[in-house]
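Engineer: Chains as they are written, first to last, in the numbering used here: chain U, 1 to 301; chain B, 302 to 602. Glycine residues also receive a C-beta, built at the ideal position from the N, C-alpha and C atoms. Submitted below is the structure of interest, expressed as structure tokens.
There are 2 protein chains.
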Amino acid sequence: MRQTQKYQQYLRERKTQIDQALERYLAPDVNGFTNTVEEGMHYAVCGGGKRVRPLLVLEGAALAGLPPETVMPAACSIELLHTYSLIHDDLPAMDNDVLRRGRPTCHVQFGEAMAILIGDALLTKAFGLLTYCSNEEKISDQAVLQVIQLLASAAGSRGMIGGQEMDLASETMLPEDVPLERLQQLKTGALFEYSIVSGAMLGAMPMEHMKYLASYAQNLGMVFQITDDILDVVGDQTLLGKNIGSDEKNHKTTYVSRYGLDVARQKAEFYTEQALRALEKIPQDTSFLHWFIENLLQRKQ
Amino acid sequence: MRQTQKYQQYLRERKTQIDQALERYLAPDVNGFTNTVEEGMHYAVCGGGKRVRPLLVLEGAALAGLPPETVMPAACSIELLHTYSLIHDDLPAMDNDVLRRGRPTCHVQFGEAMAILIGDALLTKAFGLLTYCSNEEKISDQAVLQVIQLLASAAGSRGMIGGQEMDLASETMLPEDVPLERLQQLKTGALFEYSIVSGAMLGAMPMEHMKYLASYAQNLGMVFQITDDILDVVGDQTLLGKNIGSDEKNHKTTYVSRYGLDVARQKAEFYTEQALRALEKIPQDTSFLHWFIENLLQRKQ
């Protein structure tokens, strides 16, 4: 119990650091925002969010011996990229969602054309921010370039965007034909894996340890997705900050619609076990990551 | 006349090299395309185009002593980025154009959701491709990182995307209030400038020469835009590969609508003069760039 409080405190502190850094990178200058695109970037990113991906960057870096401030640009970068993907996924031509992080989605707030541009600008800035890591003495230029390449791959047509295509295609498939695991590995797992590996890579962690971190993050992504599917059915809309029941509305095949609530929960536990097994292979102290996935399994938001 | 033939021949060769490299980076593998997003990326990029921006990368690099093959990833990168911007600009929520490079636009061909994803994937891959330049012995990791940062800035919310926001906003402005020069400097000029400077930067050209290249490219961008506006009124739709009259249809303020054809042509000549003046400050042989802008001034497509 005392350990849980310690980790929750640690998590809050990290999240505050990340939120403050995001605010710094996206704040208006003294004369206000340059334009609506920048206002929208700030609105979408700084309006809340769990910051799981940036946290994973910081944890990967910590395990490789880098303090959080040295990789903060990389941590914020992946949050910008994640937010762009939410904005574009929410568009009328995609999922047509109107509520996100407790507020109107970007296209409701700023119009559809602006929402497209705001997403584009966040994706662009995500890559720009990454280059800032090279200002750190402890981080080699080569490592930063490797991370940029990794991000382009994880977020690209064979990573996250490939997952989003599958997701859209699955709406017109027979539910039993939807490749659910593969879809989620790409749509969620790819960025989770990228996040923790990028932090470790910036700190030049040996490849044989990085692969276990990657496995942890892929399994964490599955647990995240399955609990997301569960919360979309049994969650509290106010806590979640988004409409529940949207998967059913969009005829999405989810872990719950395919397997029912009980089996979905079992699967989340299975992936948690897999993740913990991967952690055991890493010599560094991974007790926070251990706690983190078990905490995720119990999440209400 | 003989010189013109020589440069036209040179231009054709360069364009062929660029087209072949783009095809290599976007080709399906032996089993076909991985998914519709990758099919769409190939469709949009490899369906033609003048390749002005990649050409500028190669010319910037050549002036800094780098042969074309060493910077081909950077040259192709900017064409992917440019193509993404066309795909998103053509969307129904933006300009709602149906014809581009002589073929149906991406959203007509693949649907709106796919067109958004195809654009996103091209933007993502543009950054990924840039990192390949670091495999060249003659190019430093630091230079590649500088170029990535420059691209994020030129293509971002205070560069090209800022210009696109202005462009959309100008549709509801009084024509005389539209900041036409500024809009075009951002929307077209930023990427033109980036292109030639990135090539030069990869070759470690001294800053005092790069700034004149930047000026040349900004002025080239203006000439390109003004002749584009002129062709949208008097051009041949078949040669252009896109619908003419689309500016008027979208109530766009252009150089022609604001100043009339004659003054627009004079302005194009003025910017050409400015560009040539910048070239004079560069010690290297810039005769091709000299010919290139004069040729652009006369373009029919």
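Establish whether the CB of N544 of chain B and some CB of chain U are separated by less than 7 Å.
Structural biologist: Chain U contact via Cβ: absent.
Engineer: Under the three-state reduction of DSSP, which class applies to G464 of chain B: helix, strand or coil?
Structural biologist: Looking at G464 of chain B - three-state DSSP - the assignment turns out to be helix.
Engineer: Is the number of C-beta pairs between the segment 190 to 201 of chain U and the segment 152 to 170 of chain U that are closer than 8 Å three or more?
Structural biologist: Because the criterion of three Cβ pairs below 8 Å is met, the segment 190 to 201 of chain U and the segment 152 to 170 of chain U touch.
Engineer: With DSSP run on the structure shown, which of helix, strand or coil describes G504 of chain B?
Structural biologist: G504 of chain B: coil per DSSP, three-state reduction.
Engineer: Measuring alpha carbon to alpha carbon, tell me which residue in B:A375, B:D421 and B:A376 is nearest D89 of chain U.
Structural biologist: With distances taken between Cα atoms, D89 of chain U lies closest to B:D421.
Engineer: Out of U:E273, U:N295 and U:Q3, state which residue places its alpha-carbon closest to the alpha-carbon of N219 of chain U.
Structural biologist: When only C-alpha atoms are compared, the closest one is U:E273.
Engineer: Within 10 angstroms of the Cβ of E466 of chain B, are there 16 or more other Cβ atoms? Answer buried if so, exposed if not.
Structural biologist: The residue is buried, with at least 16 neighbouring Cβ atoms inside 10 Å.
Engineer: For R100 of chain U, which residues does DSSP report across the bridge?
Structural biologist: According to DSSP, R100 of chain U bridges with U:R103.
Engineer: Who are D330 of chain B's beta bridge partners in DSSP?
Structural biologist: BP columns for D330 of chain B point to B:G333.
Engineer: Alpha carbons only, please: which of B:L357, B:R325 and B:E437 is nearest the one belonging to G500 of chain B?
Structural biologist: Nearest of B:L357, B:R325 and B:E437 to G500 of chain B, Cα basis: B:L357.
Engineer: Using the rule of at least 16 other Cβ atoms within 10 Å of the residue's Cβ for burial, across every protein chain shown, is K242 of chain U buried or exposed?
Structural biologist: By the neighbour-count rule (16 or more Cβ atoms within 10 Å), K242 of chain U is buried.
Engineer: Give a yes or no on whether 7 Å exceeds the smallest Cβ distance from S157 of chain U to chain B.
Structural biologist: Chain B contact via Cβ: present.
Engineer: Helix or strand or just coil, what does DSSP make of K553 of chain B?
Structural biologist: Note: K553 of chain B maps to coil in three-state DSSP.
Engineer: Using the three-state DSSP reduction, which class does I583 of chain B fall into: helix, strand or coil?
Structural biologist: Here I583 of chain B sits in coil by DSSP.
Engineer: Could you pull the start and end residues of the alpha helix (DSSP H) that L382 of chain B belongs to?
Structural biologist: M373 to D391 is the span of the alpha helix (DSSP H), which, as asked, contains L382 of chain B.
Engineer: Can you have a look at Y84 of chain U and say buried or exposed, based on whether 16 or more other CB atoms are within 10 angstroms of its CB?
Structural biologist: With 16 or more Cβ atoms within 10 Å of its Cβ, Y84 of chain U is classed as buried.
Engineer: So L598 of chain B and A569 of chain B are supposed to be a Cβ contact under 8 Å. How far apart are they, rounded?
Structural biologist: Contact holds; Cβ gap of about 6 Å.
Engineer: Does F428 of chain B get closer than 7 Å to chain U when you measure Cβ to Cβ?
Structural biologist: Yes, its Cβ sits closer than 7 Å to a Cβ of chain U.
Engineer: Check whether the segment 432 to 451 of chain B touches the segment 106 to 121 of chain U, taking contact to mean three or more Cβ pairs, one atom from each stretch, closer than 8 Å.
Structural biologist: Taking 8 Å as the limit for Cβ pairs, the verdict is that the segment 106 to 121 of chain U does not touch the segment 432 to 451 of chain B.
Engineer: Below 6 Å CB to CB, which residues in the same chain sit around H82 of chain U once its five sequence neighbours on both sides are set aside?
Structural biologist: For H82 of chain U, where only same-chain residues beyond five positions count, the Cβ hits under 6 Å are R53.
Engineer: Can you find the residues in the same chain that come closer than 8 Å, C-beta to C-beta, to M210 of chain U, ignoring five residues on each side of it along the sequence?
Structural biologist: V197, A200 and M201, listed in sequence order.
Engineer: Can you list, in chain order, the residues of its chain with a C-beta nearer than 6 Å to that of W291 of chain U? Leave out the 5 residues immediately preceding and following it.
Structural biologist: Only Y7 meet the Cβ criterion.
Engineer: Quick test of your reading: L66 of chain U and G203 of chain U, contact by CB under 8 Å. State the CB separation rounded to the nearest angstrom.
Structural biologist: The Cβ separation is near 4 Å, so the contact holds.
Engineer: What is the DSSP secondary structure of T227 of chain U, reduced to helix, strand or coil?
Structural biologist: T227 of chain U: helix per DSSP, three-state reduction.
Engineer: Which residues in chain B have a C-beta closer than 8 Å to the C-beta of I161 of chain U? List them in chain order.
Structural biologist: V338, L418, D421, A422 and T425, listed in chain order.
Engineer: Sort B:Q450, B:M474 and B:A427 by Cα distance to C377 of chain B and report the nearest one.
Structural biologist: The residue with the shortest Cα to Cα distance from C377 of chain B is B:A427.
Engineer: Beta-carbon of T188 of chain U versus every beta-carbon of chain B: anything under 7 Å?
Structural biologist: Not an interface residue.
Engineer: Output the boundary residues of the alpha helix (DSSP H) element that contains I139 of chain U.
Structural biologist: Unbroken run through I139 of chain U: none, as it is neither H nor E.
Engineer: Within the continuous alpha helix (DSSP H) that includes Q483 of chain B, where are the two ends?
Structural biologist: A quick correction: the sequence has Arg, not Gln, at residue 483 of chain B. Per DSSP, R483 of chain B belongs to the alpha helix (DSSP H) from L481 to Q485.
Engineer: Against D586 of chain B, what residues of chain U qualify as contacts under a CB-to-CB distance less than 9 Å, listed in chain order?
Structural biologist: Within 9 Å Cβ-Cβ: nothing; D586 of chain B doesn't reach chain U, min ~32 Å.
Engineer: Please report the Cβ distance between R402 of chain B and G350 of chain B, rounded to the nearest whole angstrom; I am assuming they are in contact, meaning their Cβ atoms lie under 8 Å.
Structural biologist: 6 Å between Cβ atoms; contact.
Engineer: Return the Cβ separation of L431 of chain B and P374 of chain B in integer angstroms, given the expectation that the two are a contact with Cβ distance under 8 Å.
Structural biologist: That pair is a contact at about 6 Å.
Engineer: Taking all protein chains shown into account, decide if R352 of chain B is buried (16 or more other Cβ within 10 angstroms of its Cβ) or exposed.
Structural biologist: Answer is buried; the Cβ neighbour count reaches 16.
Engineer: Which stretch, first to last residue, makes up the alpha helix (DSSP H) that contains P355 of chain B?
Structural biologist: From DSSP, the alpha helix (DSSP H) with P355 of chain B extends over V353 to L364.
Engineer: Here's the rule: buried if 16 or more other CB atoms are within 10 angstroms of the residue's CB, otherwise exposed. What is L122 of chain U?
Structural biologist: L122 of chain U should be labelled buried.
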